[in-house]
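Participant: Below you will find the structure I want to go over with you.
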Amino acid sequence: MVETAPRRVDAAADFDAFFLEEHERLFRALYFVTGDRRDAEDLMQDAFAKLWERWDRIGTMEDPTGYLFRVALNGFRMRRRHAAVVAAKVIPGLEPRDAFGDAEMRADLRTLLRLVTPRQRAALLLVDLLGYGSEEAARILEVRPSTVRALASHARSTLREAGGGDG
Amino acid sequence: MADLQEMFREATDRVAPGHGALDRQHRRQRQRRRRERGLVFGLTAALVAAFFAVIVATRSSTPSAPADHGTSAPVVTSQPVLEEVDPVTGATGTPLIREVAPEQVDVSPDGSHIVFVRSRAGHDQLFLANSDGTEISALTAANDVGCGCGVHEPDWAPDGTTIAFRGADLAGNQDIYVVDVGTGAVERITTAPTYEGSPDWSPDGTTIAFTRGDGDHPSVWLIGAGEDSRAVRLSEGSAPAWSPDGQTIAFTRAAGTGDGSDIWTIATDGSSAEELTDRNEFDSTPAWLPDGTQIAFTAFRPGDDTPTAIAAVDLRTRQVYQLASGLSEPAWTPEGSLLAIRT
Chain A
684 MVETAPRRVD AAADFDAFFL EEHERLFRAL YFVTGDRRDA EDLMQDAFAK
734 LWERWDRIGT MEDPTGYLFR VALNGFRMRR RHAAVVAAKV IPGLEPRDAF
784 GDAEMRADLR TLLRLVTPRQ RAALLLVDLL GYGSEEAARI LEVRPSTVRA
834 LASHARSTLR EAGGGDG
Chain B
2 MADLQEMFRE ATDRVAPGHG ALDRQHRRQR QRRRRERGLV FGLTAALVAA
52 FFAVIVATRS STPSAPADHG TSAPVVTSQP VLEEVDPVTG ATGTPLIREV
102 APEQVDVSPD GSHIVFVRSR AGHDQLFLAN SDGTEISALT AANDVGCGCG
152 VHEPDWAPDG TTIAFRGADL AGNQDIYVVD VGTGAVERIT TAPTYEGSPD
202 WSPDGTTIAF TRGDGDHPSV WLIGAGEDSR AVRLSEGSAP AWSPDGQTIA
252 FTRAAGTGDG SDIWTIATDG SSAEELTDRN EFDSTPAWLP DGTQIAFTAF
302 RPGDDTPTAI AAVDLRTRQV YQLASGLSEP AWTPEGSLLA IRT
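As structure tokens, this is what we get:
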């Protein structure tokens, strides 16, 4: 009993340090996918909360950050499935929140990002920005690897065509 | 793709979680812990209740009674299906109707037919089926209503001859329409430029309650089913459901603070508004048990991975209990059977 409390305090401090180190990067990633600050923060909090519940094991993992991103994007996938149906019932007739409506960014960039769906942005984030293989990205988004490749590829060509980038 | 890195940086450079992120995180963790404790308590209570229910059922059943209630596993499917739910045990059986849209269904007043929504040529349309799920036929077609972009939220009139629903005109404006079940003729009931949806007939068939969209604050309105009727606002809220005795309307209302929504009731003269649920969840789509003693509804917990569930509130005790997980859109048959959508 004497040892338990300090160990818990250490774990809490350790977790807080991990949060402070990683939360901004995760928030930006989730914002890129969802296009909404509130959704990004909500998903981020949920992901960290889940890690905290198993922090005794996760805190000692080789790559807790990778695990964090996996949990967060898995949450994004689950949330999309349920929330779209339910939210429409609570405030019917409203359009979904304007993606990147609260963004401070160039108007042309905002327009460009809206051409790509959240699922495509999630695939781009995982494969091109975070460097996951399509197998791992497919497990996170619960689709086939070929679907991840198609989502990312479609997003790339949309951005390339609309943005005139060289890719 | 160097451009993508640049795009990501530019798109997210000026967003940040802001001050107090760690404090908010701690708060979220405390909330989850409290909720989990509540869930453990609820599960324990449910298990104890189920144990006694099984003992009572075993003692009172005859030797020939079927014994498979409560043992059927949920059906895993990618398309939403309509299922019949045992309102006592929450057990479901074989899907009644496959490939339904995840929204309101309704049963004809004589219990013989079900109206539901299914996608047809890319747009949602109303379909009819026998109450056992057989003999499915289309009731509406693309060119029946304005924009041809689909119709939703059917509600069977108490005389059984017509069904009210939500459709959109050529400009995409959502309104209440009524279709004649026998002839398929469609009549428009509301014409305002605002959103109108989720119609619900009064038990005497004279009035339709519906939701009118007012930005973030939708409200429940009443309109006479006849021609030239003027709509009257009843309360802030949405998804109205008329009580079987015609005296009260249950509806969904966004929570005053924070996320979520609650189930409310109000007398049809606008008095006696009462909040029945207050649980930091999205409680929506109320449906009255035919004897008027309970209201079932769809429950969804925001910020969680758990699926939607059907819960019910007992109007005598105000007690809320969960009926079945993974389901939404409760609808009662006149005999008191419960139908719901598994997504």
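Those protein sequences? They're chains A and B, same order as listed. Taken in order, the first sequence gives residues 684 to 850; the numbers are from the numbering used here. Taken in order, the second sequence gives residues 2 to 344; the numbers are from the numbering used here. Ideal Cβ positions, reconstructed from N, Cα and C, are used throughout, including at glycine. Nothing here was measured: the structure is a model prediction, and the numbers come from that model.
Please return the same chain residues whose Cβ sits closer than 7 Å to the Cβ of residue 62/B, not counting the five positions on each side in sequence.
Facilitator: The predicted model places residue 62/B with a pLDDT of 39, which falls under 50 and marks its position as unreliable; any figure quoted below should be read in that light. Counting only Cβ-Cβ distances below 7 Å, and skipping sequence neighbours, we find nothing.
Participant: Mind pulling the chain B residues with CB within less than 9 Å of residue 706/A?
Facilitator: For residue 706/A, the residues of chain B that pass the 9 Å Cβ criterion are 18, 22, 23, 26, in the order they occur in the chain.
Participant: Since residue 189/B sits in a beta bridge, which residues does DSSP pair it with?
Facilitator: 178/B
Participant: Restricting to Cα atoms, I'd like to know which of 24/B, 16/B, 326/B is closest to residue 722/A.
Facilitator: If we check each option's Cα against that of residue 722/A, 16/B comes out closest.
Participant: Assign residue 91/B to one of two classes, buried (16 or more other C-beta atoms within 10 Å of its C-beta) or exposed (fewer than that).
Facilitator: With at least 16 other beta carbons inside 10 angstroms of its own, residue 91/B counts as buried.
Participant: Leaving out five residues before and five after residue 207/B in sequence, what residues of the same chain have Cβ atoms less than 7 Å from its Cβ?
Facilitator: 225, 226
Participant: So, with DSSP's three-state summary, where would you put residue 343/B?
Facilitator: Here DSSP, grouped into helix, strand and coil, assigns residue 343/B to strand.
Participant: In this structure, how does DSSP classify residue 1/B when only helix, strand and coil are distinguished?
Facilitator: Residue 1/B falls outside the range modelled here, since chain B spans only 2 to 344, and no answer is possible.
Participant: Pick helix, strand or coil for residue 84/B, following the three-state DSSP scheme.
Facilitator: strand
Participant: Ends of the alpha helix (DSSP H) at residue 168/B?
Facilitator: For residue 168/B, no alpha helix (DSSP H) run applies; the uninterrupted beta strand (DSSP E) run containing it begins and ends at 163-169, by DSSP.
Participant: Check residue 218/B in the structure and name its three-state DSSP category.
Facilitator: Three-state result, residue 218/B: coil.
Participant: Would residue 752/A count as contacting chain B if we go by Cβ distances under 8 Å?
Facilitator: no
Participant: Are residue 808/A and residue 845/A close, meaning C-beta to C-beta below 8 Å?
Facilitator: no
Participant: Between residue 748/A and residue 96/B, what straight-line distance do the alpha-carbon atoms span, to the nearest angstrom?
Facilitator: Whole-angstrom Cα-Cα distance: 42 Å.
Participant: Just tell me which of 151/B, 283/B, 230/B has its CA closest to the CA of residue 239/B.
Facilitator: When each option's Cα is compared against that of residue 239/B, the closest is 283/B.
Participant: Is there at least one non-hydrogen atom of the ligand ATP closer than 7 Å to the beta-carbon of residue 27/B?
Facilitator: This structure does not include the ligand ATP; it has no bound ligands of any sort.
Participant: Specify the secondary structure class of residue 281/B as computed by DSSP and reduced to three states.
Facilitator: DSSP, read as helix, strand or coil, puts residue 281/B in coil.
Participant: Would you please verify whether the beta carbon of residue 759/A is less than 8 Å from any beta carbon of chain B?
Facilitator: no
Participant: Determine, using beta carbons only, whether residue 6/B comes closer than 8 Å to chain A.
Facilitator: yes
Participant: When DSSP labels each residue in this structure, what does residue 96/B get in the three-state scheme?
Facilitator: coil
Participant: Which same chain residues, not among the five before or five after residue 160/B, have their C-beta less than 6 Å away from its C-beta?
Facilitator: Apart from sequence neighbours up to five positions away, the residues of its chain that approach residue 160/B with a beta-carbon distance below 6 Å are 206, ordered along the chain.
Participant: What residues from the segment 788-814 of chain A come within 9 Å of chain B, judged by C-beta to C-beta, listed N to C?
Facilitator: 788, 789, 792, 793, 795, 796, 807, 808, 811, 812
Participant: Taking the C-alpha atoms as reference points, what is the distance between residue 720/A and residue 187/B?
Facilitator: C-alpha separation (whole angstroms): 43 Å.
Participant: Which word fits residue 718/A, buried or exposed, when buried means at least 16 other C-beta atoms lie within 10 angstroms of its C-beta?
Facilitator: buried
Participant: Since residue 755/A contacts residue 713/A with CB under 8 Å, what's their CB separation in whole angstroms?
Facilitator: 6 Å
Participant: Per DSSP, residue 815/A forms a beta bridge with which residues?
Facilitator: Paired residue(s): none; residue 815/A is not in a bridge.
Participant: By the three-class DSSP mapping on this structure, what secondary structure does residue 294/B have?
Facilitator: DSSP, reduced to helix, strand and coil, places residue 294/B outside both helices and strands of the structure shown, so it counts as coil.
Participant: Need the endpoints of the alpha helix (DSSP H) that residue 791/A sits in, please.
Facilitator: 790-797
Participant: List the residues that DSSP assigns as beta-bridge partners of residue 833/A.
Facilitator: None, per the DSSP bridge assignment.
Participant: Anything in chain B within Cβ reach of residue 824/A, meaning under 8 Å, just list it in chain order.
Facilitator: Residues of chain B passing the Cβ test: none, with the nearest at roughly 15 Å.
Participant: Leaving out five residues on either side along the sequence, give the residues of the same chain with a beta carbon under 7 Å from the beta carbon of residue 708/A.
Facilitator: none
Participant: For residue 703/A and chain B, any beta-carbon pair shorter than 8 Å?
Facilitator: Interface annotation, residue 703/A: in contact with chain B, CB-CB separation under 8 Å.
Participant: Taking Cβ-Cβ distances shorter than 8 Å, what residues in chain A pair up with residue 11/B?
Facilitator: 788, 789, 792
Participant: Considering only residues of the same chain and omitting the five flanking positions on each side of residue 173/B, which have a CB-CB separation below 6 Å?
Facilitator: Residues of the same chain with a CB within less than 6 Å of the CB of residue 173/B, apart from the 5 flanking positions on each side, are 148 in chain order.
Participant: Please classify residue 171/B as buried or exposed, where buried requires at least 16 neighbouring CB atoms within 10 angstroms.
Facilitator: exposed
Participant: Which same chain residues, not among the five before or five after residue 702/A, have their C-beta less than 8 Å away from its C-beta?
Facilitator: These residues qualify, in order along the chain: 731.
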